[in-house]
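Notes follow the structure.
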RNA sequence: GGGGGCGUAGCUCAGCUGGUUAGAGCGCUGCCCUGUCACGGCAGAGGCCGAGGGUUCGAGUCCCUUCGCUCCCGCCA
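Residue numbers (our numbering): 12 to 609.
Here it is as structure tokens:
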């Protein structure tokens, strides 16, 4: 007989009745009836009920067992007495009558019970992550993650992609997020950086002729955390392809993503064909470049209804600023004052002066509320008709420069959708966001800068692009990049682009953004050199693994799908990272600390 | 860096307009219980009410400061 077990805790069935077996596992739950005592013995594979009574020589020890002790139990499998089967458990028709128990690992009183599904504070859960991971929900999430990654690998390989490993210790890159730095012992004063993404490496692999690359790649960024953004490190399905158009990338990636969501989405509806939504349209309709399409609300421009109207606040905004507009957020089913007032207070809590509204109800079919009275019945009717609203509905309005108010309009649309229960859960609504602007006006630096990734190819005839006058801001700010995102349920799942593989175009793009060739050479010399010696047109994308698993697991927070996550302040409470190091270590690295005054 | 929320027993939480000895459930300890599967019953231990300061006859409760966790803004090729 094996030292620890002949079966796992999820294995025993009626066919095993009468056999002498050995199980090892954790005491999940113990029910002591004095004369008879039940132990639910748990391991990774399942749970089996163990019975002990005073006729067994294991009885005295069984009475001493406590939750989460690790034990080995020998005994005979027997059928449960009629009426005591548990149909909830796969092993529920049988039980193990214990003849011998050995304690393999006793447990101290638990700071975090494994049994049950109560919520516990993040701090305790992270400090005792190993206990939290024993709990069903997290345990399942982590296994789901593994299965999702297996499936992704298989799908990528079937699609003709090869998996590569790229360096973890690399060079600091000037663009993007803050780097994690690693001091060099051999080169005093110099540092490696952990890659924010294997961006340049995958492009170099394309230049090297490997044609189709992918990697489940760790990425490191020293930026502050969010619920959907782990501090420090996260994983991407990083991929790159040569000789492709944007459409080729879509055709390669969309089936992988859709397939994974259909495979693990527990039957939830998955978008059959991801619609393409231009960035500008997404901002206009949804107030976001990562719209939640489960929310049916589509905003509209209703400036005409307010221009020169009796509602002076909006009329003046429109009269005084040619860029100003008024947008409407329709709220079907929100046609009562209580709801409109609640939205108004919410807006004030968001730092807005308020949220104008009109609502329609029985007896006031022409529109109710102060705003309706100010603009009059004709204009109110015009709004109702434009948005298809009637009795029982409401509509909210935001005014000003769209570029400035979308940061509020987008969340307002979400809020209305949530409050009115318009968001259809149990669906994965995907879309591609395309046509991102290549450049944007940096208010901070008072100059044109890259809007997103400087490696993206501008969607503009190459000769015309090379001939651009850097002072022609209007034309330049209108140029789109061949860049795209996948968005699902309001979560940005991935970002990608057709890359700029032409050194002359790249030099021009950097020149437009105000960077000289010396900067380009210094920061991206390797990349530039590679593009000089025969670079294929190429492009790719990098879906976030953690976010995919988060959506599939139905979780709101990345920590629920990462085995050993850090907390919001980028601390690992279990391992105690970051930590101080010895003077000797610092000396070897030629580092002297210069700590902030406290 | 900024804003919101939270902080009371090992854990989850209650504790009203400030009022005498701060409660419940789970867990823990002891006793009882031979068919439970959230077993049940009885008894008990366990509290710097995050920390510091203030107001008050009196503070878990009000005010200020500070620390911790979390959510958001900034930031995020």
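Cβ atoms here follow ideal geometry from the backbone N, Cα and C, with glycine treated the same way.
Predicted model, so just to flag it, every value in this text is computed and none were measured.
{"Asked": "Close Cβ partners of residue 475 (< 7 angstroms) along its chain, the five nearest in sequence each way excluded", "Found": "none"}
{"Asked": "Proximal residues to residue 447 (C-beta, below 7 angstroms), its chain only, five neighbours per side dropped", "Found": "290, 462, 463, 491, 492, 494"}
{"Asked": "Residue 203 beta carbon less than 9 angstroms from that of residue 213", "Found": "no"}
{"Asked": "Delimiting residues of the beta strand (DSSP E) encompassing residue 89", "Found": "81-90"}
{"Asked": "Inter-residue Cα distance where the pair is residue 288 and residue 600", "Found": "50 angstroms"}
{"Asked": "Simplified DSSP state of residue 126, which is helix, strand or coil", "Found": "coil"}
{"Asked": "Nearest residue (CA-CA) to residue 67, options 529, 87, 320", "Found": "87"}
{"Asked": "6 angstroms Cβ shell around residue 351 - same chain, five flanking residues per side excluded", "Found": "368, 370, 405"}
{"Asked": "Simplified DSSP state of residue 74, which is helix, strand or coil", "Found": "coil"}
{"Asked": "Pick from 207, 574, 552 that is closest to residue 187, judged by C-alpha positions", "Found": "207"}
{"Asked": "Three-state secondary structure assigned by DSSP to residue 67", "Found": "coil"}
{"Asked": "Distance between beta carbons of residue 30 and residue 58, contact taken as under 8 angstroms", "Found": "The Cβ separation is near 19 angstroms, so there is no contact."}
{"Asked": "Residue 370, enclosing beta strand (DSSP E) - first and last residue", "Found": "367-372"}
{"Asked": "Of the residues 314, 335, 264, 432, the one placed nearest residue 498, counting alpha carbons only", "Found": "264"}
{"Asked": "For residue 342 and residue 259, the rounded distance between their alpha carbons", "Found": "39 angstroms"}
{"Asked": "The ligand SAH heavy atom lying under 8 angstroms from the CB of residue 544", "Found": "Looking at this structure, you won't find the ligand SAH or any other ligand, since it has none at all."}
{"Asked": "Spatial distance of residue 429 from residue 306 (CA atoms)", "Found": "8 angstroms"}
{"Asked": "Straight-line Cα distance separating residue 568 from residue 301", "Found": "17 angstroms"}
{"Asked": "Secondary structure of residue 157, DSSP reduced to three states", "Found": "helix"}
{"Asked": "Three-pair Cβ contact test at 8 angstroms for the stretch 109-124 versus the stretch 134-152", "Found": "yes"}
{"Asked": "Helix, strand or coil at residue 602 [DSSP, three-state]", "Found": "coil"}
{"Asked": "Nearest-angstrom beta carbon gap, residue 293 and residue 444 [assumed within contact, 8 angstroms]", "Found": "5 angstroms"}
{"Asked": "Residue of 379, 585, 603, 310 minimising C-alpha distance to residue 592", "Found": "603"}
{"Asked": "Candidates 548, 389, 298, of which the one nearest residue 426 by Cα", "Found": "298"}
{"Asked": "9 angstroms Cβ cutoff met for residue 226 and residue 205", "Found": "no"}
{"Asked": "Enclosing beta strand (DSSP E) for residue 475 [first to last residue]", "Found": "Here residue 475 belongs to no beta strand (DSSP E); instead the alpha helix (DSSP H) covers 473-477."}
{"Asked": "Collapsed DSSP secondary structure at residue 268 in the structure displayed", "Found": "helix"}
{"Asked": "Cross-strand partners of residue 43 (DSSP beta bridge)", "Found": "48"}
{"Asked": "Which of helix, strand or coil DSSP assigns to residue 168", "Found": "helix"}
{"Asked": "Residues of its chain near residue 314, where Cβ-Cβ distance is below 7 angstroms and the 5 sequence neighbours each way are ignored", "Found": "329, 336, 337"}
{"Asked": "Beta-carbon proximity check, residue 402 vs residue 345, cutoff 9 angstroms", "Found": "no"}
{"Asked": "Nearest-angstrom Cα separation, counted from residue 455 out to residue 395", "Found": "40 angstroms"}
{"Asked": "Contained alpha helix (DSSP H) runs [length at least 4] in the stretch 367-423, N- to C-terminal order", "Found": "381-398"}
{"Asked": "Cβ neighbour criterion (16 or more within 10 Å) applied to residue 537", "Found": "exposed"}
{"Asked": "Outcome for residue 254 when other beta-carbon atoms lying within 10 angstroms are tallied against a minimum of 16", "Found": "exposed"}
{"Asked": "Secondary structure of residue 249, DSSP reduced to three states", "Found": "strand"}
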